[in-house]
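K.L.:
Questions regarding the structure given below will be posed in turn.
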Amino acid sequence: MNRKKFIKTSILSTTALAVLPHLSFSSNQQQFTVDQLIGKGNPDIVGDSYTSKMHKEAKKAFLKMKEAASKEAIQIEIVSAYRSFERQKQIFEGKYNRFTQQGLSPIQAIEKIIEYSTIPGTSRHHWGTDIDIIDSNAPRPESVLLAKHFHGTGPFCKLKDWLTEHANSYGFYEVYTNNANRKGFKYEPWHFSYAPVSKPMLQEYKKLDVQAILKEEKIKGSEHFSEAFIEKYRSENILDINPKLLS
Ligand SMILES: [Zn+2]
């Protein structure tokens with residue numbers, strides 16, 4: 008870790024702890040630091056790449072699930088697993104630059120980004136519990152993470168059927184379900200979460216002052232994160248998910 012980043016991280020953590028002083032002194036068995044919750048460092052993450060870094064408990068469960076699926080000729084491949092704050096910031100700002108250069112206003116660009124991508128510091132991928140998965144035994148489309156590939160005659164239908172039947176028994180749940188009444192992120196049939204760890208993490212995450220944390224970061228477009236915007240984002244994008252992951 009270079010010095011600049013270390014100082015920046017320390018400032019953020021200090022601020023976040025000032026907002027939520029009880030977090031560091033929690034006697035609760037499930038204890039997570041602010042840094043763990045926002046993708047700034049987590050000792051429980053194992054693995055060495057974008058597609059293998061996961062929370063150690065989630066990884067154990069995933070490997071069992073993968074093994075079971077392989078017996079039915081489904082080769083579960085992780086497209087994306089743990090993602091750091093910095094990586095999410097690159098993704099967010101890359102899209103922000105692209106969309107605003109295409110002529111969208113900053114607010115329009117942000118609204119478009121958050122159809123599928125998160126604001127850095129708010130991604131469930133920061134927790135190491137959430138994965139985007141496909142079947143590498145199926146013919147591979149150019150863009151793999153599209154809902155149509157999981158329906159009709161799409162290549163990942165077999166995976167989807169198998170997950171519908173078995174994922175829950177390994178602790179994995181779809182997060183952004185195909186429910187017309189659900190707001191926030193669009194339907195993502197590829198995104199699964201390891202509930203035994205992500206449920207308590209979400210409960211802790213809910214206590215954070217997201218706006219105060221985001222203010223500390225120099226994210227492009229963040230001057231448009233009004234209190235009303237963050238409140239809507241929190242209730243729709245963070246909390247309007249599969250109810251099985253909420254409590
Ligand atoms: Zn995802």
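Just so we're aligned, residue 8 is where the sequence shown starts under this note's numbering, counting upward by one.
In this text, a Cβ means the ideal position worked out from N, Cα and C, and glycines have one as well.
(1) Relative to the C-alpha of W169, which candidate in P127, I81, G159 has its C-alpha closest?
(2) Rounded to the nearest angstrom, what separates I121 and F157 at their Cα positions?
(3) Considering only residues of the region 72-144, which uninterrupted beta strand (DSSP E) runs meet the minimum length of 3 residues and lie entirely inside it, listed in chain order?
(4) Could you check if A88 is buried or exposed, using at least 16 other CB atoms within 10 Å of its CB as the buried criterion?
(5) Kindly give me the distance between the Cβ atoms of R189 and D139, rounded to whole angstroms, as I take these residues to be in contact under 8 Å.
(6) Would you call the region 159-169 and the region 126-134 in contact, with 3 or more CB pairs under 8 Å?
(7) I need the DSSP call for E224, collapsed to helix, strand or coil.
(8) For T58, tell me which candidate among E84, Y180, K67 has the shortest Cα-Cα distance.
(9) From the DSSP output, in three-state form, read off S200 for me.
(10) By DSSP's criteria, M61 is part of a beta bridge. Which residues make up the other side?
P.N.:
So, to answer that:
(1) As a working note, residue 169 is residue 162 in the sequence shown. When only C-alpha atoms are compared, the closest one is I81.
(2) Numbered from its first residue, the sequence shown carries residue 121 at position 114. Numbered from its first residue, the sequence shown carries residue 157 at position 150. Taking the straight line joining both Cα atoms gives about 22 Å.
(3) 83-87, 137-142
(4) Locating residue 88 in the sequence shown gives position 81, counting from the first residue. With 16 or more Cβ atoms within 10 Å of its Cβ, A88 is classed as buried.
(5) Along the sequence shown, read from residue 1 onward, the residue named residue 189 stands at position 182. Along the sequence shown, read from residue 1 onward, the residue named residue 139 stands at position 132. The pair is not a contact, with the Cβ atoms about 18 Å apart (cut-off 8 Å).
(6) no
(7) In the sequence shown, counting from the first residue as 1, residue 224 sits at position 217. E224 falls in the coil class under three-state DSSP.
(8) Walking along the sequence shown from the start, residue 58 turns up at place 51. The residue with the shortest Cα to Cα distance from T58 is E84.
(9) By 1-based counting over the sequence shown, the position of residue 200 is 193. Reduced to three states, the DSSP call for S200 is strand.
(10) Indexing the sequence shown from 1 puts residue 61 at position 54. In DSSP, M61 forms a bridge with V53.
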